[in-house]
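Report on one structure; see the data block that follows.
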Amino acid sequence: MAGDRLFLVFLLAVVAAVPAIATDYNVGDAQGWDLNVNYANWVSGKTFKVGDNLVFKYTSNHNLEEVNQADYNSCSSNNVIRLFNSGDTIPLNTTGSRYFICGIGNHCTQGMKLTVSVSPAASSPPPSTTPSPPSSSPPPTTPVSGGPETPPTSTSPPPPPSPSGAMTTSSYYNMNTLLFSAILLCVALLG
Numbered sequence: 358m359a360g361d362r363l364f365l366v367f368l369l370a371v372v373a374a375v376p377a378i379a380t381d382y383n384v385g386d387a388q389g390w391d392l393n394v395n396y397a398n399w400v401s402g403k404t405f406k407v408g409d410n411l412v413f414k415y416t417s418n419h420n421l422e423e424v425n426q427a428d429y430n431s432c433s434s435n436n437v438i439r440l441f442n443s444g445d446t447i448p449l450n451t452t453g454s455r456y457f458i459c460g461i462g463n464h465c466t467q468g469m470k471l472t473v474s475v476s477p478a479a480s481s482p483p484p485s486t487t488p489s490p491p492s493s494s495p496p497p498t499t500p501v502s503g504g505p506e507t508p509p510t511s512t513s514p515p516p517p518p519s520p521s522g523a524m525t526t527s528s529y530y531n532m533n534t535l536l537f538s539a540i541l542l543c544v545a546l547l548g
């Protein structure tokens with residue numbers, strides 16, 4: 358009987374921990390958000406999923422602007438969705454494409470721009486075979502003063518799957534916290 362309870366506790370803890378695995382992607386790796394990084398190469402081979410985070414680290418010589426696809430393509434800061442001015446962590450909460458540029462000087466035209474395609478989280482149910490209508494409410498945004506809200510759009514296919522997933526310290530602690538909580542709950546329920 359005690360062996361059955363221990364197995365049940367272990368099984369529940371493992372199942373509960375699976376959705377907690379998320380990845381923090383340090384944009385540009387050690388170089389961060391900077392002119393010396395080829396972001397098309399950096400993003401290649403990475404699979405971004407709902408629940409992951411983009412971590413932008415940069416100096417006061419740069420900023421971070423989330424823009425729509427047209428402004429991304431033209432390196433325009435005319436319709437900024439969100440403006441950031443210090444190292445920032447951007448949660449990837451919805452599927453679709455996200456577009457980021459540096460709005461300082463001509464940094465964007467020099468390659469300081471990043472687009473990521475966000476896929477559903479691994480624990481999400483598979484998509485239905487019939488297409489669903491688009492959501493009537495756009496994701497929440499914080500517009501720049503005077504700038505209109507424009508939700509990110511999706512027109513490009515997602516990148517190829519990553520050969521290996523990187524587990525960061527943050528995702529490791531999130532997983533362990535969830536695992537520990539699940540074990541405590543099971544022990545309390547099983548008495």
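Position in the sequence shown (first residue = 1) + 357 = the numbering used here. Glycine is no exception: its CB is placed at the ideal position from the N, C-alpha and C atoms.
{"Query": "Output the distance between the C-alpha atoms of residue 378 and residue 462, rounded to the nearest integer angstrom.", "Result": "38 Å"}
{"Query": "Could you check the C-alpha separation between residue 435 and residue 468 for me, to the nearest Å?", "Result": "18 Å"}
{"Query": "Could you compute how far the alpha carbon of residue 381 sits from the alpha carbon of residue 546?", "Result": "33 Å"}
{"Query": "Just verifying my parser: in three-state terms, what is the DSSP assignment at residue 430?", "Result": "helix"}
{"Query": "Under 8 Å Cβ to Cβ from residue 470, same chain only, skipping five residues before and after it: list those, please.", "Result": "396, 429, 432, 456, 457, 458, 459"}
{"Query": "From 401, 424, 449, pick the residue whose C-alpha is nearest to that of residue 407; which is it?", "Result": "449"}
{"Query": "Starting from the Cα of residue 398, find the closest Cα among 424, 473, 415 and give me that residue.", "Result": "473"}
{"Query": "Could you work out which residue in 477, 437, 385 is closest to residue 426 when comparing CA atoms only?", "Result": "437"}
{"Query": "Using 8 Å for Cβ pairs, my map puts residue 452 next to residue 477. What's the rounded Cβ distance?", "Result": "6 Å"}
{"Query": "Please classify residue 398: does DSSP put it in a helix, a strand, or coil?", "Result": "helix"}
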